[in-house]
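Visitor: Chains as they are written, first to last, in the numbering used here: chain A, 11 to 265; chain B, 515 to 817. Right, I'll just put the structure down here and ask away after.
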């Protein structure tokens with residue numbers, strides 16, 4: 011079941027130059043069960059932002075009936091969202107799409123690039139609840155782009171790469187020592203981020219016979235499988251990222 | 515009490531609010547937000563004789579107050595529509611119209627003939643106006659002789675309500691409307707999308723994989739309204755208006771311009787529950803203006 015609910019913005023915390031965490035208060039009815047990797051289509055009332063904006067569910071607190079969104083300011087719509095005053099109403103269509111599947115192994119690596127770290131916090135929390143300790147590998151351009159590392163560290167080990175070497179290992183996530191061993195010490199990769207990064211991870215997973223779940227960020231309009239704009243080529247032809255994804259087993263995609 | 519019922523020839527609608535093909539899937543996608551049975555009708559996804567994968571990604575670009583799409587009629591084909599989808603959706607107590615498209619006249623005819631056999635489909639919307647396919651589609655709808663030829667050929671095999679969806683990408687839309695009326699159309703719907711384009715200047719590339727695509731949304735409303743007005747002046751058959759309708763006020767404007775019914779398209783993406791709000795808004799308008807029937811709106815524009 012999908013819902014169209016009004017939330018109230020109760021907190022807006024700037025993390026970096028372009029990342030903001032929004033805390034949205036739902037209720038009075040209980041929040042529906044959400045799967046990490048699912049997303050919301052957020053209504054934006056701003057000139058130049060006609061369609062809703064698809065954003066990953068970053069974190070959920072069912073007790074407080076709160077959802078957190080990690081917003082990267084990339085254009086008119088996202089900037090309008092981060093400029094909202096506390097107390098503003100935000101309409102969301104959610105929870106949408108298929109999220110990450112639980113692993114058949116306890117050895118998992120969660121790899122996020124840029125804004126792709128957003129769903130991995132909720133995923134890490136979910137894994138932990140299921141007795142699996144998540145390990146995170148987070149890649150950004152510079153140390154200034156690292157977001158909410160403490161929240162991730164509460165759940166498990168956090169490894170970092172930066173393109174300029176200002177934090178962690180210099181280079182891309184694939185250059186981190188954890189990816190360099192002959193036999194990886196993880197069986198499942200969960201990833202979200204730039205497609206180029208995820209394609210490299212999918213290739214790596216194939217080479218080492220690992221499972222790899224990728225979350226696509228295709229541009230979309232409706233978010234519910236009606237308009238067929240957000241398709242990706244799969245083994246079964248074009249599939250909607252919004253309903254058949256956004257999370258796919260990398261082997262299912264035509265990569 | 516106000517009467518919201520309208521008639522499109524033989525087709526009876528409980529209210530004038532329909533949904534536009536390509537924006538509403540098969541109705542099922544919206545079940546969490548709308549009671550489909552409350553709608554005047556739904557026009558389901560453009561259907562062709564053979565399955566189509568549609569165009570490559572990217573297929574969508576947001577534009578000022580609108581969007582471009584280049585889906586290219588991705589659909590499962592008429593046979594799978596009949597065997598898989600029709601059994602699921604025939605339960606809806608509303609008018610389900612199938613939007614029919616093709617690359618050749620023969621494909622239109624064969625697809626329409628197959629749908630003619632379905633008891634719970636009281637009509638088709640003949641799509642001679644899709645701008646996103648290489649062959650057929652809009653090519654039929656932008657010349658009068660070919661629009662007449664395909665309409666007449668389908669009319670010969672299809673004996674329920676035949677609505678023809680017109681392209682705005684023409685010099686004189688009223689002329690095409692008169693042509694399809696003479697060829698046996700029971701109604702016309704307009705407008706399909708306007709051919710447009712978006713460019714990513716940083717990459718110096720077109721945004722869409724097909725370079726051009728179809729513009730829809732609030733941005734097209736004034737153009738659509740003008741064309742509905744022109745067509746309604748010209749033809750005797752009912753006109754179904756669409757193009758950027760986002761609220762009851764927009765819907766009423768189209769009816770004042772001469773539309774008997776309207777279709778909601780892109781607005782469903784912004785508010786998936788918008789159709790029921792528009793029905794309620796029309797009812798409210800009629801009450802406020804002391805009108806007893808929605809049919810009083812049709813062509814009531816005081817010029």
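For glycine and all other residues, C-beta sits at the position ideal for the given N, C-alpha and C. Remember, it's a predicted structure, so these values are computed and weren't measured experimentally.
At 7 Å on the CB atoms, spell out the chain B contacts of residue 247 of chain A, in chain order.
Guide: 567, listed in chain order.
Visitor: What does DSSP give as the partner residue(s) for residue 828 of chain B in the beta ladder?
Guide: The structure shown has nothing for residue 828 of chain B, since chain B only spans 515 to 817.
Visitor: Leaving out five residues before and five after residue 138 of chain A in sequence, what residues of the same chain have Cβ atoms less than 6 Å from its Cβ?
Guide: The answer, listed in chain order, is 165.
Visitor: Compare the C-beta of residue 731 of chain B with all C-beta atoms of chain A and state if any pair is closer than 8 Å.
Guide: Closer than 8 Å: yes.
Visitor: Return the first residue and the last residue of the alpha helix (DSSP H) that residue 736 of chain B is part of.
Guide: From DSSP, the alpha helix (DSSP H) with residue 736 of chain B extends over 735-748.
Visitor: Please look up how many angstroms separate the CB atoms of residue 41 of chain A and residue 82 of chain A, rounded, as I've assumed it's under 8 Å.
Guide: Not really, about 24 Å apart at Cβ, beyond 8 Å.
Visitor: So for residue 612 of chain B, helix, strand or coil by DSSP?
Guide: The answer is strand: DSSP assigns residue 612 of chain B an E or B state.
Visitor: Would you say residue 614 of chain B reaches chain A, if we count a Cβ-Cβ gap shorter than 8 Å as a contact?
Guide: Residue 614 of chain B does not count as touching chain A.
Visitor: Is the beta carbon of residue 184 of chain A less than 8 Å from the beta carbon of residue 214 of chain A?
Guide: Result yes, Cβ atoms of residue 184 of chain A and residue 214 of chain A sit closer than 8 Å.
Visitor: Please tell me whether residue 2 of chain A and residue 786 of chain B are closer than 8 Å, where the distance is taken between their beta carbons.
Guide: Chain A is shown from 11 up to 265; residue 2 of chain A falls before or after that span and cannot be answered.
Visitor: Would you say residue 136 of chain A faces chain B, with C-beta separation under 8 Å as the test?
Guide: Residue 136 of chain A does not count as touching chain B.
Visitor: Under 7 Å Cβ-Cβ, which residues of chain B neighbour residue 11 of chain A?
Guide: Here the neighbours are 546.
Visitor: Going by alpha carbons, who is nearest to residue 216 of chain A out of A:194, A:204, A:237 and A:229?
Guide: Taking only the C-alpha atoms, the option nearest residue 216 of chain A is A:194.
Visitor: Of all the options B:542, B:528, B:625 and B:522, which has the alpha carbon lying nearest to the alpha carbon of residue 565 of chain B?
Guide: For the residues B:542, B:528, B:625 and B:522, the minimum Cα distance to residue 565 of chain B belongs to B:625.
Visitor: Between the beta-carbon of residue 619 of chain B and the beta-carbon of residue 667 of chain B, is there less than 8 Å?
Guide: Closer than 8 Å, so yes.
Visitor: Any idea if residue 141 of chain A is buried or exposed, counting beta-carbon neighbours within 10 angstroms, 16 or more meaning buried?
Guide: Classification for residue 141 of chain A: exposed.
Visitor: Answer with buried or exposed for residue 186 of chain A, where buried requires no fewer than 16 other C-beta atoms within 10 angstroms of its C-beta.
Guide: When all chains shown are included, residue 186 of chain A counts as buried.
Visitor: Please report the straight-line C-alpha distance between residue 65 of chain A and residue 86 of chain A, rounded to a whole angstrom.
Guide: Taking the straight line joining both Cα atoms gives about 14 Å.
Visitor: If residue 702 of chain B sits next to residue 753 of chain B, beta carbons under 8 Å apart, how far is it from one beta carbon to the other, in whole angstroms?
Guide: About 6 Å separates the two Cβ atoms, so the contact holds.
Visitor: Note down, one range per segment and in chain order, each beta strand (DSSP E) of at least 3 residues found wholly within the region 627-707 of chain B.
Guide: Taking only runs of at least 3 residues, the beta strand (DSSP E) segments lying wholly in the region 627-707 of chain B are 637-641, 675-679 and 701-704.
Visitor: Does the Cβ of residue 684 of chain B lie closer than 7 Å to at least one heavy atom of the ligand COA?
Guide: Absent from the structure shown: the ligand COA. Ligands present: none.
Visitor: Run through DSSP, which three-state label would residue 266 of chain A get?
Guide: Only positions 11 to 265 of chain A appear in this structure, which leaves residue 266 of chain A out of reach.
Visitor: Are the CB atoms of residue 687 of chain B and residue 744 of chain B within a distance shorter than 8 Å?
Guide: Contact: yes.
Visitor: Can you list, in chain order, the residues of its chain whose CB lies under 6 Å from that of residue 152 of chain A, leaving out five sequence neighbours each side?
Guide: Closer than 6 Å at Cβ, skipping near neighbours: 172, 174 and 176.
Visitor: Closer than 8 Å, CB to CB, is residue 228 of chain A near chain B or not?
Guide: Taking Cβ atoms only, chain B reaches closer than 8 Å to residue 228 of chain A, which makes this a yes.
Visitor: Rounded to the nearest angstrom, what separates residue 537 of chain B and residue 254 of chain A at their Cα positions?
Guide: Those two C-alpha atoms are separated by around 18 Å.
Visitor: Should the region 806-813 of chain B be called in touch with the region 257-265 of chain A, which here means at least 3 C-beta pairs below 8 Å?
Guide: With the cut-off at 8 Å, the region 806-813 of chain B and the region 257-265 of chain A do not touch.
Visitor: What is the C-beta distance between residue 818 of chain B and residue 532 of chain B, in whole angstroms, given that I count them as a contact (C-beta under 8 Å)?
Guide: Because chain B in this structure spans residues 515 to 817, residue 818 of chain B falls outside the shown range and cannot be described.
Visitor: Tell me the rounded alpha-carbon separation between residue 148 of chain A and residue 124 of chain A.
Guide: Between residue 148 of chain A and residue 124 of chain A, the C-alpha separation is close to 8 Å.
Visitor: What in chain A is Cβ-close to residue 795 of chain B, meaning under 9 Å?
Guide: What residue 795 of chain B touches in chain A: nothing, since even the nearest Cβ is about 17 Å away.
Visitor: Report yes or no: is there a C-beta of chain B within less than 8 Å of the C-beta of residue 112 of chain A?
Guide: It does not: the Cβ of residue 112 of chain A has no partner Cβ on chain B nearer than 8 Å.
Visitor: Quick check: the region 112-121 of chain A against the region 88-99 of chain A, are at least 3 beta-carbon pairs closer than 8 Å?
Guide: Contact fails: fewer than three Cβ-Cβ distances are below 8 Å.
Visitor: Chain A partners of residue 588 of chain B, CB-CB under 8 Å?
Guide: Neighbours of residue 588 of chain B on chain A, chain order: 238, 241 and 248.
Visitor: Between which residues of its own chain and residue 569 of chain B is the CB-CB distance below 6 Å, once the five residues before and five after are set aside?
Guide: Excluding positions up to five away in sequence, the list reads 584, 586, 723 and 724.
Visitor: Mapping DSSP to helix, strand and coil, what is residue 49 of chain A?
Guide: Three-state result, residue 49 of chain A: strand.
Visitor: CA-CA distance, residue 554 of chain B and residue 675 of chain B?
Guide: Distance between the alpha carbons of residue 554 of chain B and residue 675 of chain B is about 15 Å.
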